[in-house]
Amino acid sequence: ASLFGVDAAKVTIGMLVRMQSGINDFDVPSFDNPLLTNASGVHSPLEFIQAAASLTPQFVCAPGNCTSYSSTNYILAGLVLLGSSDASSWTTVNQATVLPASTHFPNSLFLTTGPINGSVGATVAGQSEGFSPSMVEIWGQDASILGWTCGNLAAPTEEVARFMYELLVSQTVVSAEAMAAMKAVVPLDVGWAKGTISYGAGLMIQQTSRHASFPPKLSEWGSYLGHGGDTYGFLSEQGLIPQLNATFSVIANEDYYLYGSYVKSGLACNLIEMAALEVLGEELDLGCLA
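Numbering-wise (this note's numbering), the sequence shown opens with residue 363 and increments by one.
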């Protein structure tokens, strides 16, 4: 409340994970550029929260009155996790507890502090050209720039796809009741990706086809249920292709906006086309980028 005023008391945990808190996104050039150029600094979650609180408006709508994507929500959810754990600080929260015990993810790491290139999971250099006037090498920067609980997983695509299978097909990660809540999507109706992405509780429906209508429908080829990852230095798409009952993950080591289109409408889209042909013998025309 000291940062966001009286409306903060109206925000629930459910609103955070459904992107319905109304709290603005810290991810703006005035915050990103200094963050990306301070390569060796350790940045606490509070810096990201304070950046969001400094924006005008602080709330893009009253809590619960819109669905608007904001990475700030996930950092606030991380603070809820910290408060309910035995961890002494944000750097010691064990995020790996979300991984199902029945399977093994040896190279899936949640990076907190220290050089990204010093981790087992980050073996490809990432670059950022989204806001800064020059290319910024992300690989050697401190992992705290990734925003803690809003985007600090480093993992091979095979392990991410396997996690998505456990979550969405085998359903060994959360209860059936929780999964139903996660899948209860509504279109984003304010701000970034308005009308083009539908969001549930930590899951989105994204359409990769350039021939599609919006908001996306999971019944249409080219759509997937999962989540995109737009993180400093990296872009990814991962989730479930319902017509194939199969999961996937693709990634690029560049977060420039043109590559953002390519990861979705190129890599993921072509993967869906090829999988449909290989598994079902069905030729699709999704209008994928070459």
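Each residue gets a CB set at the ideal place from its N, CA and C atoms; glycine is no exception.
query: Beta-carbon spacing of Val404, Thr475 below 8 Å; result: yes
query: Close beta carbons around Cys650, own chain, < 7 Å, minus the five adjacent residues each side; result: Ser627, Gly628, Cys631, Asn632 and Glu635
query: Assigned secondary structure, Ile500 (DSSP; H/G/I helix, E/B strand, else coil); result: coil
query: Environment of Asp647 [buried if 16+ CB atoms lie within 10 Å]; result: exposed
query: 7 Å CB neighbourhood of Ser447 in its chain, flanking five on each side removed; result: Val455
query: CB of Pro477 within 8 Å of CB of Asp504, strictly; result: yes
query: Span separating the alpha-carbon of Gly342 from that of Gln568; result: Look at the range of the chain in this structure, 363 to 652, and you will see that residue 342 is not part of it.
query: The region 512 to 526 contacting the region 544 to 553, beta-carbon criterion three pairs below 8 Å; result: no
query: Per-residue burial, Val368 [other beta carbons within 10 Å of its own, 16 or more giving buried]; result: exposed
query: Residue nearest to Phe467 in terms of C-alpha spacing, selected from Glu528, Asn435 and Ser581; result: Glu528
query: Beta-ladder partner(s) of Asp592, from DSSP; result: Leu597
query: Proximity below 8 Å, CB of Ser623 to CB of Met526; result: no
query: Limits of the alpha helix (DSSP H) - the one that Ile375 falls within; result: Ile375 to Val379
query: Distance between Ile507 and Asp394 (C-alpha atoms, nearest Å); result: 9 Å
query: Pair within 8 Å by beta-carbon distance, Ser560 and Pro578; result: yes
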